[in-house]
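Keeping their order, the protein sequence lines are chains P and R.
All residue numbers for the first sequence refer to UniProt numbering, where the first residue is 1 and numbers rise by one.
All residue numbers for the second sequence refer to UniProt numbering, where the first residue is 1 and numbers rise by one.
Heads up, the beta-carbon is just placed ideally off N, CA and C, and yes, glycines get one too.
Every value quoted in this text rests on a predicted model; they were computed, and no experiment measured them.
A short worksheet on the structure shown next.
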Amino acid sequence: MEQAAPALERLLQPAPLEPLGHPDAGLEAAVGEEAEGAQDEEGPGDRTMTENNFWLKKIEISVSEAEKRTGRNAMNMQETYTAYLVETRSVEHNDGPSVLTDSLWRRYSEFELLRNYLLVYYPHIVVPPLPEKRAEFIWHKLSADNMDPDFVERRRIGLENFLLRVASHPILCRDRIFYLFLTQEGNWKEIVNETGFQLKADSRLKALNATFRVKNPDKRFTELKHYSDELQSVISHLLRVRARVADRLYGVYKVHGNYGRVFSEWSAIEKEMGDGLQSAGHHMDVYASSIDDILEDEEHYADQLKEYLFYAEALRAVCRKHELMQYDLEMAAQDLASKKQQCEELSTGTVRTFSLKGMTTKLFGQETPEQREARIKVLEEQISEGEQQLKSKNLEGREFVKNAWADIERFKEQKNRDLKEALISYAVMQISMCKKGIQVWTNAKECFSKM
Amino acid sequence: MEGELPAAPRGSSGPPAGDAGGDSPCALLPAEALALDGDEDDLEVFSKDASLMDMNSLSPTMPTSPLSMINQVKFEDEPDLKDLFITVDDPESHVTTIETFITYRVATQTSRGEFDSSEFEVRRRYQDFLWLKGKLEEAHPTLIIPPLPEKFVVKGMVERFNDDFIETRRRALNKFLNRIADHPTLTFSEDFKVFLTAQAGELSSHKKQGPGLLSKVGQTVRAVALSMRGVRSRPEEFTEMNDFIETFSQKINLIDKISQRIYKEEREYFDEMKEYGPIHALWSESEEDLADMLGGVASCLDRCCQATERRLCGLSEALLPVVHEYVLYSEMLMGVMRRRDHIQAELESKAEALTYKKADTDLLTEEIGKLEDKVECANTALRADWERWKQNMRNDIKSAFADTAERNIHYYEQCLATWESFLTAQSDLYAKEPPEDKP
Chain P
1 MEQAAPALER LLQPAPLEPL GHPDAGLEAA VGEEAEGAQD EEGPGDRTMT
51 ENNFWLKKIE ISVSEAEKRT GRNAMNMQET YTAYLVETRS VEHNDGPSVL
101 TDSLWRRYSE FELLRNYLLV YYPHIVVPPL PEKRAEFIWH KLSADNMDPD
151 FVERRRIGLE NFLLRVASHP ILCRDRIFYL FLTQEGNWKE IVNETGFQLK
201 ADSRLKALNA TFRVKNPDKR FTELKHYSDE LQSVISHLLR VRARVADRLY
251 GVYKVHGNYG RVFSEWSAIE KEMGDGLQSA GHHMDVYASS IDDILEDEEH
301 YADQLKEYLF YAEALRAVCR KHELMQYDLE MAAQDLASKK QQCEELSTGT
351 VRTFSLKGMT TKLFGQETPE QREARIKVLE EQISEGEQQL KSKNLEGREF
401 VKNAWADIER FKEQKNRDLK EALISYAVMQ ISMCKKGIQV WTNAKECFSK
451 M
Chain R
1 MEGELPAAPR GSSGPPAGDA GGDSPCALLP AEALALDGDE DDLEVFSKDA
51 SLMDMNSLSP TMPTSPLSMI NQVKFEDEPD LKDLFITVDD PESHVTTIET
101 FITYRVATQT SRGEFDSSEF EVRRRYQDFL WLKGKLEEAH PTLIIPPLPE
151 KFVVKGMVER FNDDFIETRR RALNKFLNRI ADHPTLTFSE DFKVFLTAQA
201 GELSSHKKQG PGLLSKVGQT VRAVALSMRG VRSRPEEFTE MNDFIETFSQ
251 KINLIDKISQ RIYKEEREYF DEMKEYGPIH ALWSESEEDL ADMLGGVASC
301 LDRCCQATER RLCGLSEALL PVVHEYVLYS EMLMGVMRRR DHIQAELESK
351 AEALTYKKAD TDLLTEEIGK LEDKVECANT ALRADWERWK QNMRNDIKSA
401 FADTAERNIH YYEQCLATWE SFLTAQSDLY AKEPPEDKP
């Protein structure tokens with residue numbers, strides 16, 4: 001990596017505070033390029049990146065292990081948590097051996113920190129979601145306990161998926177904090193906090209206010225918000241029903257297992273029927289135990305849907321940012337207009353708008369021409385500033401819309417691809433389940449016929 | 001004419017996307033009504049204690065289909081020589097000031113000489129069936145009389161006379177009469193003939209004949225006394241028989257419970273599945289690129305749902321009634337064993353009396369002779385009927401389970417076909433060819 005290091009450092013600028021602060025034609029072009037250049041390979045475990053991304057060699061990221069730990073938290077109390085091993089490998093050539101370059105332990109809260117940071121610094125990007133914090137949409141057999149090994153395993157896969165998504169995003173992958181997350185275990189949290197990103201985050205209240213009061217948001221974002229609401233609602237509903245269906249299916253299969261035991265006991269008293277009963281019973285046991293694998297596979301499918309459920313929130317975040325910026329712009333324009341009007345009134349002497357100054361003047365006497373001149377001057381300065389600001393806000397806004405929309409298009413393609421794949425894999429699972437069922441019952445039928 | 005006239009089909013023209021009860025091709029019983037020990041956590045381990053098992057009488061029913069008719073009309077002995085055909089149908093409600101009850105139409109067709117005519121139609125109520133059973137048991141204490149459906153449902157049913165209950169009972173009553181008709185001895189019972197042919201008034205007067213109340217009471221007292229005494233030297237073969245019956249009874253009760261539970265779980269699975277397809281359809285409305293595929297998945301799920309409904313019907317018509325009948329049979333059998341023992345106990349007590357020379361020895365010796373004959377007859381009758389019964393049981397159980405397996409295979413085959421054609425359509429789309437078979 002020695003040769004790569006200086007090149008890396010050059011590529012890795014610290015994350016810009018406002019990535020869209022300047023009309024950067026270069027940035028746009030880069031976005032376009034990256035979108036084409038960074039194609040994902042098939043298979044989540046092996047996602048490699050091409051040279052356009054920040055490491056000149058291909059890399060592989062995996063969250064390979066999970067470990068239970070106890071430690072002291074911020075309030076010096078004992079706590080138990082799970083730590084995940086994040087390993088990064090670089091691959092020299094396409095099929096060459098991979099070399100472990102970095103390996104460190106992270107816990108869920110650090111992943112959250114990374115994501116919150118990305119949300120603040122890349123508001124125009126649909127930031128990939130984390131796997132759920134607590135198990136939801138669970139059915140009978142699964143445990144809601146965060147320490148449960150199955151939950152931990154599924155979370156491990158989800159975290160790996162998150163990192164891979166970030167790594168394969170043309171813009172996010174270049175982020176220095178992300179790079180450090182993968183390479184620097186100690187002190188990383190401090191570095192992130194030093195960026196002061198929490199302060200830069202838009203307040204929830206401000207965002208809510210903007211959502212209600214914005215007058216002219218880009219229609220596409222309004223539609224997108226509506227779509228993301230629908231997506232969230234329909235996927236939640238689907239997951240809930242799926243969980244209930246899984247529960248029932250589990251019941252159907254498992255109850256058949258009882259036949260096995262009873263047939264076996266019954267066969268003891270039968271002469272002619274005995275063998276048939278016994279072997280039929282065995283097949284009932286096979287049937288009953290087949291459901292475990294079937295439902296485990298289905299759980300992965302559910303996780304794929306869940307990811308898009310959470311993506312809906314990320315979409316909404318981008319829409320909110322747009323609304324905020326638009327509202328800001330509208331307020332600035334309004335403010336400018338009112339200052340201009342004030343100025344005009346002062347110069348021409350007509351009072352059309354209400355102002356406190358006007359009232360007090362009326363009440364306590366006119367101001368002197370010098371005072372008026374001074375005020376006009378101040379206003380003119382403010383107007384000039386305001387116009388500058390408005391211009392740059394306008395530009396910012398347009399940049400944001402353009403870049404956000406580019407990422408949204410990228411996201412849509414990804415979503416359609418992924419969901420199609422998921423649905424097909426669901427069909428494949430169903431087919432496999434049916435085939436198993438046919439086999440078991442064919443065998444059982446033979447046994448019954450021989451009784 | 002076959003053994004059972006198809007009852008007026010309730011919406012049986014193909015599987016509708018129907019809801020509960022009345023709309024579906026088979027009257028699916030709502031899951032709650034099955035009144036099972038809802039021990040949700042205990043899916044894998046059933047209670048081994050037979051006494052905890054409910055006698056869930058309700059096997060949900062459906063109008064006839066060829067397959068069900070084969071099961072109903074499984075005539076074991078001489079299918080070609082059948083000369084007595086009976087159907088029970090057309091339940092009707094009667095309300096009087098004292099009570100409400102249901103009567104059923106019992107239609108008979110026969111070519112037998114001893115019947116005055118070749119066709120009969122009478123109306124009977126459950127009480128009448130009970131009477132018939134009682135008479136047959138009296139006349140043939142060691143024959144295995146077919147069981148009647150239970151008098152009352154133990155728990156769960158709100159109304160005694162709801163449609164599903166009546167239908168289940170009707171089918172069971174039909175089975176009851178046909179089994180009697182098939183029995184080489186019982187079929188010639190005079191009481192049976194009267195039951196099938198007598199009009200209402202005649203039946204009640206016939207019922208009044210026979211041993212009066214007092215003598216019946218006397219019989220009962222003696223029976224209790226004898227059963228307290230017990231039988232001393234039961235022949236080995238009957239002890240074996242008894243052991244078999246005990247074990248069989250345990251196992252068949254368990255199987256009944258398991259089968260009812262499977263029905264319940266499948267029914268609830270079906271209820272959830274009904275929602276599953278429509279959600280995908282709803283989702284497809286807010287998508288563009290994904291709309292077709294989601295629509296495809298939705299229709300696959302709907303088809304699988306329909307297949308599930310058919311599977312459920314199969315269970316309720318082919319398996320549950322058969323298993324439940326054998327639960328009732330096992331009780332019946334225990335009664336038969338007791339009666340046989342009772343007869344032997346009678347003999348033994350008289351023989352004992354003889355050894356103590358308590359009464360007139362000549363009279364006693366004569367009585368003992370008669371009792372010895374009685375015991376001999378009883379044992380012979382039982383022996384023959386036992387073999388016959390076991391044979392039937394094997395056949396019935398075997399075909400009930402084989403049939404269920406067949407239906408399950410069919411169910412999975414249907415679902416498989418649905419999903420496979422969906423996948424084919426998808427890959428056709430990818431190959432940019434016009435899809436041949438849109439799901």
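In this structure P/Pro149 is exposed. Its beta-carbon is surrounded by fewer than 16 other beta-carbon atoms within 10 angstroms. Check the Cα spacing between P/Ala243 and each of P/Arg375, P/Glu298 and P/Ala167: the tightest is with P/Glu298. Residues of the segment 249-268 of chain R with a Cβ closer than 7 Å to any Cβ of chain P, in chain order: Lys251, Leu254, Ile255, Ile258, Arg261, Ile262, Glu265, Glu266 and Glu268. Of all residues in the segment 434-450 of chain P, only Cys434, Lys435, Gly437, Ile438, Trp441, Thr442, Ala444, Lys445, Phe448 and Ser449 place a beta-carbon less than 7 Å from a beta-carbon of chain R. In the displayed model, P/Arg372 falls within a helix according to three-state DSSP. Listed along chain R are Ile255 and Ile258, each with a C-beta nearer than 8 Å to that of P/Tyr259.
Contact annotation: the segment 183-202 of chain R touches the segment 100-115 of chain R, with at least three C-beta pairs closer than 8 Å.
For P/Cys447 and P/Gly276, the gap between their C-alpha atoms comes out near 5 Å. In this structure, P/Tyr84 keeps its C-beta atom at 9 Å or more from the C-beta atom of P/Arg115.
The beta carbon of P/Phe221 lies closer than 6 Å to those of Cys319 and His322 in the same chain, with the five residues before and after it left out. Of all residues in the segment 400-420 of chain R, only Phe401, Ala402, Ala405, Glu406, Asn408, Ile409, Tyr412, Glu413, Cys415, Leu416, Trp419 and Glu420 come within less than 7 Å of chain P when Cβ atoms are compared, listed by chain position. Within chain R, Asp243, Phe244, Thr247, Phe248 and Lys251 have C-beta atoms less than 9 Å from the C-beta of P/Ile269, given in sequence order. Closest option to R/Ile86, judged by alpha-carbon separation, among R/Leu177, R/Glu138, R/Lys251 and R/Pro278: R/Leu177. By the criterion of a C-beta distance shorter than 6 Å, P/Leu163 is surrounded in its chain by Ile61, once the five residues flanking it on both sides are discounted. For P/Lys219, no chain R residue has a C-beta closer than 9 Å to its own C-beta; the minimum C-beta separation is roughly 17 Å. Taking every protein chain shown into account, the CB of P/His300 has fewer than 16 other CB atoms within 10 angstroms, so this residue is exposed. Within chain P, Val241, Arg244, Val245 and Arg248 have C-beta atoms less than 7 Å from the C-beta of R/Glu272, given in sequence order. Runs of alpha helix (DSSP H) with 4 or more residues, each lying fully within the segment 234-296 of chain R, are found at 236-286, listed in chain order. Residue contact with chain R for P/Met75: absent (no Cβ-Cβ distance below 9 Å to any residue of chain R).
Closest by C-alpha distance to P/Ala317, out of P/Ala404, P/Glu79, P/Met75 and P/Ser264, is P/Ala404. A Cβ of chain R is located within less than 9 Å of the beta carbon of P/Lys412.
Contact between R/Ile258 and R/Tyr326 is ruled out by a C-beta separation of about 13 Å, above the 8 Å threshold. Residue-level contact by beta carbon holds for R/His280 and chain P, with a gap shorter than 9 Å. DSSP places P/Trp105 inside the beta strand (DSSP E), whose first and last residues are Ser98 to Arg107. Contact annotation: P/Gly397 and P/Leu336 have beta-carbon atoms that are not nearer than 9 Å.
If you ignore the 5 residues before and after P/Leu231, its C-beta comes within less than 6 Å of the C-beta of Ala312, all in its own chain and listed in chain order. Shown here for R/Ala139: same chain residues with a beta carbon closer than 8 Å to its own, the five before and five after excluded, namely Ser189 and Asp191 in chain order. Under the criterion of beta carbons closer than 8 Å, P/Tyr287 and P/His256 qualify as touching, at roughly 5 Å.
Using a CB distance cut-off of 9 Å, R/Leu130 does not count as an interface residue toward chain P. At a beta-carbon threshold of 9 Å, the residues of chain R lying near P/Ala427 are Gly296, Val297, Cys300, Trp419, Glu420, Phe422, Leu423 and Gln426, ordered along the chain. Judged by DSSP in its simplified three-state form, P/Glu136 adopts coil rather than helix or strand.
Residue environment analysis places P/Gln184 among the exposed positions, since fewer than 16 neighbouring C-beta atoms fall within 10 angstroms of its C-beta.
Among the residues of the segment 304-319 of chain P, none has a Cβ less than 9 Å away from any Cβ of chain R. The three-state secondary structure of P/Lys215, taken from DSSP, is coil. Going by DSSP, R/Leu132 is part of the alpha helix (DSSP H) stretching over Tyr126 to Ala139. Sequence-distant Cβ neighbours of R/Glu119 in its own chain, meaning closer than 6 Å and more than five residues away, are Gln109.
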